[in-house]
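Here my numbering is used: the first residue of the sequence shown is 169, the next is one more, and so on.
The beta-carbon is built from N, C-alpha and C at its ideal position, and this holds for glycine as well.
Please read the structure below before turning to the comments.
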Amino acid sequence: MHADDLAVSVDLPTPEFPDHTNAVVIELLSTLAARRHGAVSVIRALSRAERAPSTITAF
């Protein structure tokens with residue numbers, strides 16, 4: 169997340185990370201989002217845009 173923020177702030181492409189790193193971050197953020205908004209809301213946000221809440225964030 170911070171690498172993306174930094175890259176955008178200096179108008180550079182976001183660096184690529186290994187699949188394992190991405191998987192860890194996705195798991196963490198999706199778990200936090202589910203705790204905050206509920207599992208059904210996160211599932212809808214990922215699978216049914218027309219029924220999803222207006223926003224799903226981890227923080």
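Alpha carbon of residue i to alpha carbon of residue j, nearest angstrom
i	j	result
T225	I194	12 Å
S177	R212	31 Å
D187	L214	19 Å
R219	N190	26 Å
Own chain, CB closer than 8 Å to residue i, minus 5 neighbours either side, in chain order
i	result
V210	S198, A201, A202 and I224
A171	T182, P183 and F185
Cβ-Cβ separation, residue j to residue i (assumed contact under 8 Å), whole Å
i	j	result
P183	H205	Wrong, their Cβ atoms sit about 29 Å apart, outside the cutoff.
Any non-hydrogen atom of the ligand HEM closer than 6 Å to residue i Cβ
i	result
T199	The ligand HEM is not part of the structure shown, which contains no ligands of any sort.
Given residue i as reference, the closest of the options once Cα atoms are compared
i	options	result
F227	V208, R219, A217 and L196	L196
Short CB-CB distance (under 7 Å) between residue i and chain B
i	result
T225	The structure shown contains no chain B; it is built from a single protein chain.
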